[in-house]
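Participant: Numbering (my numbering), first residue to last: 5 to 297.
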């Protein structure tokens, strides 16, 4: 096993203790997270509107704060987009994931704080690697790179707005450069087919051991890679490929297509639930179909 693989395994294994604690004490962990959210939110406009300084328990929170849909929350988002501070989160929010349309809008803007980028989405991706390493101790996935297919993002005034995957790549690109491909500039190109061709040119000769993203777009990308390389399956391009961490849509309709493109009994598929609103769950046991919240 290479030094790179050993070092990455050691780093990810440190997180396993926290995951085990979550498994053993889920209610306790959830209540602790609620207390942290309340402490952070009490001095915001949202917190003052619903008296969060007087809320200390899950029951009190449920009684004080009504259920929100996007239309009801939209005025807070508008204030944050305009640059107002301390609206629904401490400080000024400058990242917004553009998500699918609502009943009255073509798209909706989901605020992303620095805390959510690093403490939720990025940590969730670390948990994927942690649980995979624990499930497959002989894996050599960390000896190569993860091919990540992102969306696109653009400036809207002082804010950066776009697909969640592109925003995460832009904010964590310097860290991901150690184990991710392609370069961020390539991954967030707005035209998909231009991006697919660029990824093929950049990554076909690299050691890719895993890939991540939405099955539909990755399937189109992988078929394009085979067209451009003239290979019959992906193992001829990336012989050490062993993991696809997928999410966004149900994977079952795509499984057979991926198995045809990657004819290997050592290829693993790991389900994740990473939405614009948060990284909510991931498969923690390859023998089960459910996911860990």
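In this text, a Cβ means the ideal position worked out from N, Cα and C, and glycines have one as well.
Consult DSSP for residue 272 and reduce its assignment to one of helix, strand or coil.
Facilitator: Reduced to three states, the DSSP call for residue 272 is strand.
Participant: So, does the CB of residue 219 fall closer than 8 Å to a CB anywhere in chain D?
Facilitator: Among the chains in the structure shown there is no chain D, since it carries only a single protein chain.
Participant: If I'm right that residue 14 touches residue 50 with Cβ under 8 Å, what's the distance once you round it to whole angstroms?
Facilitator: Contact flag wrong, Cβ pair sits at about 40 Å.
Participant: Answer yes or no: do residue 216 and residue 152 have a C-beta to C-beta separation smaller than 8 Å?
Facilitator: In this structure, residue 152 lies closer than 8 Å to residue 216 by Cβ.
Participant: Return the residue from the list 94, 262, 85 that minimises the CA-CA distance to residue 272.
Facilitator: The shortest C-alpha separation from residue 272 is found at 262.
Participant: Can you give the beta carbon distance from residue 203 to residue 173, rounded, assuming they're within the 8 Å contact cut?
Facilitator: No, residue 203 and residue 173 are not in contact; Cβ-Cβ is about 13 Å, not under 8 Å.
Participant: Just verifying my parser: in three-state terms, what is the DSSP assignment at residue 125?
Facilitator: Three-state result, residue 125: helix.
Participant: Would you check if the distance between the CB atom of residue 57 and the CB atom of residue 286 is smaller than 8 Å?
Facilitator: No. Outside cutoff.
Participant: Which complete beta strand (DSSP E) runs does the stretch 227 to 278 hold, if anything under 3 residues is left out?
Facilitator: For the stretch 227 to 278, whole beta strand (DSSP E) runs of length 3 or above, ordered along the chain, are 247 to 250.
Participant: Run through the stretch 159 to 190 for me and flag every whole alpha helix (DSSP H) of 4 or more residues, listed as ranges in chain order.
Facilitator: Qualifying alpha helix (DSSP H) stretches, in chain order: 168 to 180.
Participant: Where does residue 72 fall in DSSP's three states?
Facilitator: Residue 72: coil per DSSP, three-state reduction.
Participant: Alpha carbon to alpha carbon, what distance is there between residue 210 and residue 24?
Facilitator: For residue 24 and residue 210, the distance between alpha carbons rounds to 34 Å.
Participant: Contact between the stretch 121 to 138 and the stretch 73 to 82: three or more CB pairs below 8 Å?
Facilitator: Segments in contact, no.
Participant: Starting from the C-beta of residue 221, find all residues in its chain whose C-beta is less than 8 Å away, skip the five residues before and the five after it, and write them out in chain order.
Facilitator: Only 153, 196 meet the Cβ criterion.
Participant: What's the call for residue 288, buried or exposed, on a 16-neighbour Cβ count within 10 Å?
Facilitator: By the 10 Å Cβ count, residue 288 comes out buried.
Participant: Report all residues from its chain with a CB closer than 7 Å to the CB of residue 38; omit the five preceding and five following residues, and keep chain order.
Facilitator: Closer than 7 Å at the Cβ level, and outside the excluded window around residue 38, lie 62, 65.
Participant: Report yes if the C-beta distance between residue 101 and residue 85 is below 8 Å; otherwise report no.
Facilitator: Result no, Cβ atoms of residue 101 and residue 85 do not sit closer than 8 Å.
Participant: Between 264, 250, 166, 27, which lies nearest to residue 103 when the distance is taken from Cα to Cα?
Facilitator: It is 166 whose Cα lies nearest to the Cα of residue 103.
Participant: On the DSSP letters alone, give me the boundaries of the alpha helix (DSSP H) that residue 194 sits inside.
Facilitator: Residue 194 -> no alpha helix (DSSP H), and no H or E assigned at all.
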